[in-house]
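K.L.:
Number of protein chains: 2
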Amino acid sequence: MSYHHGGLRAALIAEGLRVARTGGAAALGMRELTRAVGVSPNAAYRHFADRQALVLAVALEAQDLLADAMRARIAPSASPLDRLRAVGLGYIHFARTERGWFELAILTRDDGPPGTNGPFPAPFQLLLDALDGLVASGGLPAARRAHAEWACWSTVHGFADLTTRGPLRRQDPATLDALASYVVDTVIEGLTSGGST
Amino acid sequence: MSYHHGGLRAALIAEGLRVARTGGAAALGMRELTRAVGVSPNAAYRHFADRQALVLAVALEAQDLLADAMRARIAPSASPLDRLRAVGLGYIHFARTERGWFELAILTRDDGPPGTNGPFPAPFQLLLDALDGLVASGGLPAARRAHAEWACWSTVHGFADLTTRGPLRRQDPATLDALASYVVDTVIEGLTSGGST
DNA sequence: GAGCAATGTTGACACCGTACACCAGAGTCG
DNA sequence: CGACTCTGGTGTACGGTGTCAACATTGCTC
Chain D
1 MSYHHGGLRA ALIAEGLRVA RTGGAAALGM RELTRAVGVS PNAAYRHFAD RQALVLAVAL
61 EAQDLLADAM RARIAPSASP LDRLRAVGLG YIHFARTERG WFELAILTRD DGPPGTNGPF
121 PAPFQLLLDA LDGLVASGGL PAARRAHAEW ACWSTVHGFA DLTTRGPLRR QDPATLDALA
181 SYVVDTVIEG LTSGGST
Chain X
1 MSYHHGGLRA ALIAEGLRVA RTGGAAALGM RELTRAVGVS PNAAYRHFAD RQALVLAVAL
61 EAQDLLADAM RARIAPSASP LDRLRAVGLG YIHFARTERG WFELAILTRD DGPPGTNGPF
121 PAPFQLLLDA LDGLVASGGL PAARRAHAEW ACWSTVHGFA DLTTRGPLRR QDPATLDALA
181 SYVVDTVIEG LTSGGST
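Which chain is which? The protein sequence lines are D and X, in order.
Quick note on numbering: full-length UniProt numbering labels position 21 of the first sequence as 21, and the sequence is numbered without any gaps.
Quick note on numbering: full-length UniProt numbering labels position 59 of the second sequence as 59, and the sequence is numbered without any gaps.
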């Protein structure tokens with residue numbers, strides 16, 4: 001070993017994930033990461049254009065971790081409605097328990113021309129599937145399916161942000177659990193009850 | 001003039017507001033701000049403990065600007081329901097049109113012991129008032145008033161974040177306007193329709 | 001084995017936040 | 001009037017950062 005590290009790129013991402021878990025995105029420094037991996041600062045530039053690129057690479061991993069955590073909370077035998085609940089509550093729970101990773105996971109890379117959204121990230125896809133499942137089971141009128149994902153995501157993501165960086169930051173877990181359920185149920189109620197548009 | 005500046009503190013905050021409008025919180029640097037005001041970097045430390053303190057002082061101003069913008073969108077003759085809508089849509093509109101200020105306005109200073117939230121910030125108070133008004137007018141059963149603010153704030157704030165930093169960032173304004181109305185109406189529907197809790 | 005592309009290293013630059021010691025000016029008191 | 005002190009500024013310096021340019025080393029291929 002020594003001069004050529006081998007899997008520097010992977011090693012940097014792995015270390016980044018470790019560091020970001022407690023320190024968030026701000027803790028991902030070129031010098032700090034390369035130091036931890038035992039390599040000179042500039043070595044990283046062979047694998048990442050700049051710091052931002054490294055952060056986004058770590059963010060991609062964090063996004064997968066978020067998706068995994070959400071999937072783990074969906075009971076295979078659950079009803080479509082409960083699956084939708086689990087998606088939302090899983091998102092919120094991950095945000096609360098893995099604050100650093102969550103901060104990364106919701107980082108959006110600005111690629112593509114304005115207007116287009118690339119392939120949807122895995123966590124968002126889980127939400128789309130849950131909504132489609134609800135429609136298929138008759139739990140949500142097909143006519144009301146359009147844009148439902150944005151209502152759900154807004155609420156769940158907003159709650160996650162309030163508990164992560166906002167005024168609910170220091171609330172005790174029990175209260176937050178109850179609030180989370182209430183908030184998720186409220187959007188679902190809004191979606192499924194008989195409004196106009 | 002010259003050696004003693006006089007209103008350095010106010011001048012720094014004002015300049016900070018100017019800079020942050022386009023650059024967000026990250027643009028608020030000790031050196032940059034003091035340079036713009038024409039003073040040595042360390043002068044700022046007579047008025048702010050550190051950079052964070054300066055940022056929070058500017059954030060407080062931004063919070064007022066947000067509240068003002070929201071108030072400006074509430075028609076005095078509007079129905080309680082429309083007032084609630086205006087509060088949410090005002091919040092979202094401000095986030096979209098004043099991205100830098102918005103980023104500051106939602107910054108929470110971590111004061112106080114865990115569990116307590118200090119006096120509510122002005123924008124949040126507007127939401128509370130709107131909800132109370134809706135209850136008073138019979139538009140919302142008093143039994144369902146509890147925690148309603150968190151459902152509303154989660155949704156509205158989440159949507160604002162999605163359009164500001166998230167996947168809706170590059171969506172065209174017309175689409176966002178429609179989506180915003182839809183999302184706000186969905187939560188309100190969830191609150192007012194006949195659920196359980 | 002020679003040449004080459006990939007992947008490291010070293011050194012330097014410009015910038016940042018901030019700690020420490022010092023100085024200018026205004027106000028007060030003997 | 002002159003000295004004393006308080007407030008709010010200045011200068012210098014330290015350790016940290018991201019990043020560029022030039023150079024060294026290694027493994028792959030002809």
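We put the CB at the ideal spot given by N, CA and C, even for glycine.
With a Cβ-Cβ cutoff of 7 Å, do Leu8/D and Gly16/D count as a contact?
P.N.:
Not closer than 7 Å, so no.
K.L.:
Which value, in whole angstroms, describes the spacing of the CA atoms of Leu128/X and Met70/X?
P.N.:
Cα to Cα, Leu128/X sits roughly 13 Å from Met70/X.
K.L.:
Using the beta-carbon of each residue, which ones in chain X are nearer than 8 Å to Ser40/D?
P.N.:
Ordered by position in chain X, no residue passes the 8 Å Cβ test against Ser40/D, which lies about 27 Å from the chain.
K.L.:
Got a sec, what are the start and stop residues for the alpha helix (DSSP H) His93/D sits in?
P.N.:
Here the alpha helix (DSSP H) through His93/D covers Pro80 to Thr97.
K.L.:
What's the C-alpha gap between Thr197/D and His157/X?
P.N.:
Note that Thr197/D scores 49 on pLDDT, short of 50, meaning its location in the model is unreliable; the coordinates nonetheless yield the value given after this. Answer to the nearest angstrom: the Cα atoms are 22 Å apart.
K.L.:
Could you spell out the range, first to last residue, of the alpha helix (DSSP H) harbouring Arg31/X?
P.N.:
That run of the alpha helix (DSSP H) goes Met30 to Val37.
K.L.:
Counting only beta-carbon atoms, is Asp132/X nearer than 7 Å to chain D?
P.N.:
Closer than 7 Å: no.
K.L.:
To the nearest angstrom, how far is the alpha carbon of Ala78/D from that of Ser137/D?
P.N.:
Going by the C-alpha atoms only, they are around 12 Å apart.
K.L.:
Confirm, please, whether the CB-CB distance from Arg83/D to Ile74/D is below 7 Å.
P.N.:
Yes. Within cutoff.
K.L.:
Output the distance between the C-alpha atoms of Ala143/D and Val184/X, rounded to the nearest integer angstrom.
P.N.:
Using only the alpha carbons, I get a separation of about 18 Å.
K.L.:
Going along the chain, which residues of its own chain have a beta-carbon closer than 8 Å to the beta-carbon of Ala10/D, five neighbours each way excluded?
P.N.:
Once the five neighbours on either side are set aside, Ala10/D has no close Cβ partner at all.
K.L.:
Given that a residue counts as buried once 16 or more other Cβ atoms are within 10 Å of its Cβ, and exposed if not, what is residue 224/X?
P.N.:
Given that chain X is displayed from residue 1 to residue 197, the structure contains no residue 224/X and the question cannot be resolved.
K.L.:
Of all Cβ atoms in chain D, is any one closer than 7 Å to the Cβ of Trp101/X?
P.N.:
It does not: the Cβ of Trp101/X has no partner Cβ on chain D nearer than 7 Å.
K.L.:
So, is Ala146/X buried or exposed, given that buried needs 16 or more other C-beta atoms within 10 angstroms?
P.N.:
Burial call: exposed.
K.L.:
Chain X beta carbons: is any one of them nearer than 7 Å to that of Tyr182/D?
P.N.:
So yes, Tyr182/D belongs to the interface.
K.L.:
Does the distance from the CB of Pro167/X to the CB of Thr108/D come in under 7 Å?
P.N.:
Yes, the Cβ-Cβ distance between Pro167/X and Thr108/D is below 7 Å.
K.L.:
Looking only at its chain, what residues have a beta carbon closer than 7 Å to the beta carbon of Ala122/X, apart from the 5 residues adjacent to it on each side?
P.N.:
Only Gln63, Asp64 and Ala67 meet the Cβ criterion.
K.L.:
Apply the 10 Å Cβ neighbour rule to Arg46/D and answer buried if 16 or more other Cβ atoms are within range, or exposed otherwise.
P.N.:
Under this definition Arg46/D is an exposed residue.
K.L.:
With 16 as the cutoff for other CB atoms within 10 Å, does Ser40/X come out buried or exposed?
P.N.:
Classification of Ser40/X: exposed, given that the 10 Å Cβ count is below 16.
K.L.:
Whole angstroms is fine: what's the gap from Asp177/X's alpha carbon to Gly90/X's?
P.N.:
Going from the Cα of Asp177/X to the Cα of Gly90/X covers about 11 Å.
K.L.:
Just curious, the alpha helix (DSSP H) that Arg170/D is in, first and last residue?
P.N.:
Premise fails: Arg170/D is in no alpha helix (DSSP H) and is neither H nor E.
K.L.:
From the DSSP output, in three-state form, read off Thr155/X for me.
P.N.:
DSSP places Thr155/X in helix when its eight states are reduced to three.
K.L.:
Check whether the Cβ atoms of Ile106/X and Ala57/X sit closer than 7 Å, and answer yes or no.
P.N.:
In this structure, Ala57/X does not lie closer than 7 Å to Ile106/X by Cβ.
K.L.:
What residue range is occupied by the uninterrupted alpha helix (DSSP H) comprising Ala14/D?
P.N.:
It spans Leu8 to Gly23 - the alpha helix (DSSP H) in which Ala14/D sits, taken as one unbroken run.
K.L.:
Taking the alpha-carbon positions, what's the Arg31/D to Thr22/D distance?
P.N.:
C-alpha separation (whole angstroms): 18 Å.
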